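Here the structure comes first, spelled out in structure tokens, and everything after it is commentary.
Chains as they are written, first to last, in the working numbering: chain H, 13 to 578; chain L, 13 to 578.
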């Protein structure tokens, strides 16, 4: 019998343990070792905001697996408190340092797995980064420190720096702990790398509703401390505010030093470069998780995609291949979903901005609709923004926001986009229907049909952003609101160009409209607005379009104000 | 200008109104008329059980559109109380009868749309079908009559005949009204045309938990009445029981008489035969909704698929094509989702039984898992049964049951199967992940990976049904439960072949197991059982497999009893 295969895994968080478990199932005889510089393995790190917020009461719930479990159940050795210092590729060994004893040793491998993760990005130039009361949030220890700080120092004002996924989750968690919370974001919107502006606006409204202040378009320059060395203020380029608890949520940088020092290829996006089999430039060394680059399945570009879900898929592929099998990982779609208080927000594939940057002429829809039968208790309006290539109809991406069921629509699009679906394909999907779960036409059907209508030339639309630009620049056109008087009275866009003409009066009053006028129709969800466009065209009007998404997707205050996202 | 196109639509429920609305948007000048023999149009008929159950309090919520809406907004004429009597295809007219005045007239058409729906199937031989207190449930009038009966006659014992979708929804609704409820089903399980037996067992348990009695494998032969002509008993071939309210939910038959009389082609499945453009054998006549046959997208077979979701898609295609456009409908996947009290059940594509009947050698998985992060509040276990072709790995179908999020997984499979996905494709999907919505590996990923493991020969499994057969036939083998002592104490399969050997003791005690023994491993979800299979194989055991789904998918009482689905 051959000597057992020696598999050495550096990193015990997500990809590493998964690779170990898979390798064990593929090769019951292999000698598998995980080295981890921390004291724990398999942390449920995505759950940290919910530990801070209190939804997850017991920290042990976030320790998904223990070293003991790996030993007893998996026959996998876990060396915690052990740091990989360097790789000797010719000798097939890794020099490791025992952080408790400072002893060094060389661990041999036949196959090496690098699952070294990522480190929170904190600008080196940021003054005050080391003050007490300043935290990052990627480890259970971070979350425990924040909870402890809240318990002992009774902070009142928190500032979260960065409005990405972790930033918004942290903001919600701190609000739930009773703190005043401000989120500072250098770009002009929340979730800037995930959402187009009008979709980000839903999250911005929800944050505001829940008492989170947003400082957008402001870059943090310093954290100022008191004489005890504790954070007391945060300063941006423009302003400063009091802050006795600061969470830095500025993304993460892949930990590639070990790989780089060993001469392994590092990609342009900053992660370890791997092939489809998750092999590095050394075929005996695999890498996965937050430290590697991924292929974006729509653009083919190499990107960083630090997600626990991706790390687990990497781990499985590595476990298979490291034990002599053959599996591949095709890449990611940049999928994300996040709960922002009572709002759910998801995105998949390319945003409109990303699709344009990738060279696509885009066709989009902004389709609001109920998440289940409109008459079923609890039905909520959600909005789907679908992005397709305007020539081929290929679906490129989607964004969904609302208080109802959002993740389902995202995952349907994940499946569709991964398999190369067109908007026709999405419109034809025999999605599950009964009133507690859906309407007879899913909002994805509507979203796909709107793009089909645009591609066929029937539907002509402009975006809320463009309508707002025209309103505020004083352009001459009619913004024709075809809702009922009651709906108008409840809320309407307060601009001189806007006028009410309910759809059921449209044909009778059509003579009152100048036939050569530039008209943008609007309603609540754009269904009636589209019909109005078609009816006016039937009456000989030639310059009519409707506003995508209409009132439900209008990201501005109803009172015209170009700057303010209310 | 040409004369406006005359579009005549027979049937005002789902497909008809949708075809009218789409036709209007495609052709603002067309003259569109809907004739409907009832007094209402656009009923939300899928919501009827929730009207009976009380979740939908106001019947108007189920009248999605009114004739007035069609006239005022859509410029569509709706003639209610009007029955289409015959079609004169050469004259392009439909003879109609005004049910109020008995006047007849001939309505002309350029394009005719048949959306005549379906009628509840009630066996002609069923005695007592016309007694008071006996209902079907397809129209709002039916639901109102049932609610009225409950209010005035105070029935105590209800019998629902038929355990399909409407039968189970009706049973729940009647329980919520406080009635004792028994469901009688001729076949051996609930939802027999939708689910394989071990998946139907989840729904059976939920019904039992909520006090619904199940009489399976019993065919109703008569309803017996009292001297007032009111139902009092239901008799099956084997037994009888008291019943003062009876709901017949035995499916529906497509209404094809009008089409058949006009010489249009009727298919072998009993519906009007249409092509991909939803044209009947007369190209000027379209048909859609419950009265037509659909193509099953996996088998290519013509089937009946009476769903409101499908009817709406039909209507859109018809509206496009009847106004000179060109659209096609590719068919259905037999998707269904149903709420059974607190349980959600969905299915898509082919069941294992259907896949085998269609000639596939099947590879299946029974994969239980949490619907969101295991530590996130409200996380629920759901079970996915995935069915694939064992040679190609193509996904053929899926069934999902559990108290958690089920519809999402069904819809992901809808998307995947429609686009020809393999289990590899499903395993690679970059599904949305954050703790409130999912674990890092979706249960669909697990389900796909189990099949991949089986196809690669690594995983060897038997179904719970087969294990039960072996247990009850007294076959000699070891059913090795590798859970903990505590889990065993909570519940275990009480059979002489079953023994406990916790996984963390497996290697140390492996010598106690005869190496030539036939071993079936099991645990809670089959994850540890699969690992145990692999570890035993590593120790030289050659006749080991695990039980698919293990305890979570075990459809029987834990005390061995071949007949009883507890």
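Cβ coordinates follow ideal geometry from the N, Cα and C atoms, glycine included. From a predicted model like this one, the values you see are computed outputs, not experimental measurements.
Closer than 7 Å to chain L by CB, residue i
i	result
residue 543 of chain H	yes
residue 568 of chain H	no
residue 302 of chain H	no
residue 321 of chain H	yes
residue 494 of chain H	no
residue 37 of chain H	yes
residue 318 of chain H	no
Own chain, CB closer than 7 Å to residue i, minus 5 neighbours either side, in chain order
i	result
residue 120 of chain L	18, 104 and 105
residue 341 of chain H	288, 290, 325, 326 and 329
residue 438 of chain H	407, 428, 456 and 460
residue 577 of chain L	Interpretation of residue 577 of chain L is limited by its pLDDT of 38, a score under 50 that renders its predicted location unreliable; no figure is taken from the coordinates.
residue 467 of chain H	375, 402 and 405
residue 562 of chain L	534, 535, 536, 537, 538 and 541
Among the options, nearest to residue i - alpha-carbon criterion
i	options	result
residue 262 of chain L	L:134, L:319 and L:280	L:134
residue 208 of chain L	L:463, L:307, L:552 and L:399	L:399
residue 318 of chain H	H:458, H:326 and H:216	H:326
residue 405 of chain L	L:375, L:270, L:424 and L:425	L:375
residue 433 of chain L	L:446, L:355 and L:408	L:408
residue 396 of chain H	H:165, H:377 and H:385	H:377
residue 205 of chain H	H:364, H:351 and H:57	H:364
residue 494 of chain H	H:486, H:505 and H:467	H:505
residue 79 of chain H	H:292, H:162 and H:25	H:25
residue 530 of chain L	L:492, L:523, L:499 and L:503	L:492
residue 488 of chain H	H:152, H:419, H:230 and H:555	H:555
residue 230 of chain H	H:118, H:253, H:52 and H:347	H:253
residue 343 of chain L	L:314, L:179, L:350 and L:130	L:314
C-beta atoms of residue i and residue j nearer than 7 Å
i	j	result
residue 144 of chain L	residue 65 of chain L	no
residue 249 of chain L	residue 233 of chain L	yes
residue 435 of chain L	residue 460 of chain L	yes
residue 61 of chain H	residue 185 of chain H	yes
residue 47 of chain H	residue 91 of chain H	yes
residue 413 of chain L	residue 211 of chain L	yes
residue 32 of chain L	residue 88 of chain L	yes
residue 383 of chain H	residue 416 of chain H	yes
residue 547 of chain L	residue 40 of chain H	yes
residue 35 of chain H	residue 247 of chain H	no
residue 97 of chain H	residue 21 of chain H	no
residue 132 of chain H	residue 150 of chain H	yes
Cutoff 6 Å; reference residue i; Cβ partners in own chain excluding five residues on either side
i	result
residue 158 of chain H	64 and 147
residue 425 of chain H	360 and 410
residue 473 of chain L	557, 558 and 560
residue 82 of chain L	88 and 90
Minimum Cβ-Cβ distance from residue i to chain H less than 7 Å
i	result
residue 347 of chain L	yes
residue 411 of chain L	no
residue 324 of chain L	yes
residue 453 of chain L	yes
residue 427 of chain L	yes
residue 41 of chain L	yes
residue 351 of chain L	yes
residue 531 of chain L	no
residue 563 of chain L	no
residue 448 of chain L	yes
Cross-strand partners of residue i (DSSP beta bridge)
i	result
residue 100 of chain H	H:105
residue 235 of chain H	H:246
residue 47 of chain L	L:22 and L:91
residue 147 of chain H	H:259
residue 356 of chain L	L:351 and L:414
residue 517 of chain L	Note: residue 517 of chain L sits in no beta bridge, so no partner.
Same chain, Cβ closer than 8 Å to residue i, five either side skipped, listed in chain order
i	result
residue 278 of chain L	268, 271, 272, 284 and 285
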